[in-house]
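To keep things clear, I will list the structure first and then write my remarks on it.
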Amino acid sequence: MYELLQVENPLPEQIPPFCQDGFLFLQVRHLLNQPDRPLHYFALLNPKTGRADARCAVFIRDDWAISPSAASFGSIEFSDELPDEELVRLVDAVVTTSKKLLVQGLRIVNYPDCYLPVHSQQLRAILLDAGFAVKYEELNQHLPVSARSFTEHLHAAERRRLRKCQQAGFTTQIWEKPDADTLFAFIRKARLRKNLPLSMSSKELANLLSNFGEVCPVFTVCDGDQLIAACLGIRVAPGILYYFLPADQEDYQQFSPSVMLVENLYTHCQQHQVPLLDLGISTSHGIRNEGLIRFKSQLGAVESAKLVFEMRF
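Take the sequence shown: its letter number 235 is residue 235 in the UniProt record's numbering, and every next letter is one higher.
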């Protein structure tokens, strides 16, 4: 029998180690770095190992219990060996505790199905059975990374754009000590131009780079000393690199340097044995961004679902 652990606003030493290399966003240091309180932490402790075989964290914001507070997903992470009945018990505990908080409901943002396809289906069935509904389904797109060269994935038009960047002498690199203000201003300008939301402030970006720099390198494309494209590459898990906050310079749209940027991430994944390059969602609350979907598709991206579950109390 697993021991159910529930802690409100836990100290780092109160959170047990997880049974495997898990998701960054559910690790102690990331959870405690996310805003909004109280934080309610749940885990199922394996009596043989003393480690958590399942874990979940719920925050309170705007009269809702939410998972996560500030990350691309939260949800429930669990081991392959965990019996369904134990997962059901954990979900029941999360729901019961959330109801006592006198909030409107509970919202759980799950990881993309491509991360853990079997776990995603297992969790979906249990959440729906518990009374959750799928609030909306985001379209996620990713590149499977193999020994194949990046150009083999590309549509002919994107191959031409990449060649144009190479012929222009653009260079790619990882920005070793990025200046957060400069990077934020670059990203903000590009996202405003494309009418895309910006999910973090300058201060939050600086915090991310300062506290998680070793798992969050900044990838760049430059024309000489001029920054023309950039993104963060977040190592969400040992086998997953997440393409986050991509941005490009308006004057270089004819070159489409983002293709060269993604090639840089793909090569990085090959060099570090990372089999999945997550290009992120191409929808907003389920509404499709056709231009973004097409761009990623022409890079060779594969589609999968990313579900947001809700239960109203």
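Quick reminder that beta carbons are idealized off the backbone N, C-alpha and C, glycines included.
Buried or exposed by the 16-neighbour rule on C-beta atoms within 10 Å, applied to residue i
i           : result
M260        : buried
K296        : buried
D53         : buried
D251        : exposed
E290        : exposed
K306        : buried
T96         : exposed
Q253        : exposed
I287        : exposed
R294        : exposed
T220        : buried
N110        : buried
E176        : exposed
V94         : buried
A157        : exposed
residue 376 : Shown here, the chain extends from 1 to 313; a query on residue 376 therefore has no answer.
Q271        : exposed
H285        : exposed
S199        : exposed
P38         : exposed
V118        : exposed
P17         : exposed
R148        : exposed
R29         : exposed
Separation of residue j from residue i, as counted between CA atoms
i           : j    : result
residue 397 : D113 : Not covered by the structure: residue 397. The range shown for the chain is 1 to 313.
H268        : K99  : 44 Å
L241        : L276 : 6 Å
Q166        : E152 : 16 Å
F255        : D92  : 52 Å
R51         : S72  : 25 Å
Q302        : Q122 : The sequence given here has Val at residue 302, not Gln. Going from the Cα of V302 to the Cα of Q122 covers about 21 Å.
M311        : P47  : 31 Å
F186        : M1   : 52 Å
D181        : P83  : 47 Å
I234        : V308 : 21 Å
L162        : H155 : 11 Å
residue 336 : V274 : Coverage of the chain is limited to positions 1 through 313, which leaves residue 336 absent and any answer about it impossible.
C222        : L265 : 15 Å
R160        : L11  : 53 Å
L139        : G300 : 15 Å
E77         : A168 : 45 Å
L5          : T172 : 46 Å
R188        : T49  : 46 Å
P257        : C19  : 40 Å
R191        : A247 : 7 Å
Bridge partner(s) assigned by DSSP for residue i
i    : result
V145 : Paired residues: none, contrary to the question.
K135 : Beta-bridge pairing links K135 to no other residue.
Y41  : V7, A57
E77  : R55
I66  : F59, R107
V118 : Paired residue(s): none; V118 is not in a bridge.
R288 : T283
S304 : N140
M311 : L106
F18  : A52
Neighbourhood of residue i by C-beta, 7 Å cutoff - its chain only, sequence neighbours within 5 removed
i           : result
Q14         : V7
L232        : C216, V218, F244, L245
residue 339 : As shown, the chain starts at 1 and ends at 313. That puts residue 339 outside it, with no answer to give.
L101        : I60, A65
Y136        : H285, G286, V308
Close Cβ partners of residue i (< 6 Å) along its chain, the five nearest in sequence each way excluded
i    : result
E3   : L45
P144 : none
D63  : V103, Q104
L31  : A57
L106 : A65, S98, M311
Q141 : L279, S282, K296, A301, E303
F184 : S202, L205
Contact set for residue i: own chain, Cβ-Cβ below 8 Å, skip 5 residues either direction
i    : result
I126 : D84, L87, V88, V91
A133 : F309, E310, M311
Which runs of the alpha helix (DSSP H), 4 residues or longer, sit entirely within the UniProt domain "BioF2-like acetyltransferase" (159-283)? 180-193, 202-212, 257-271
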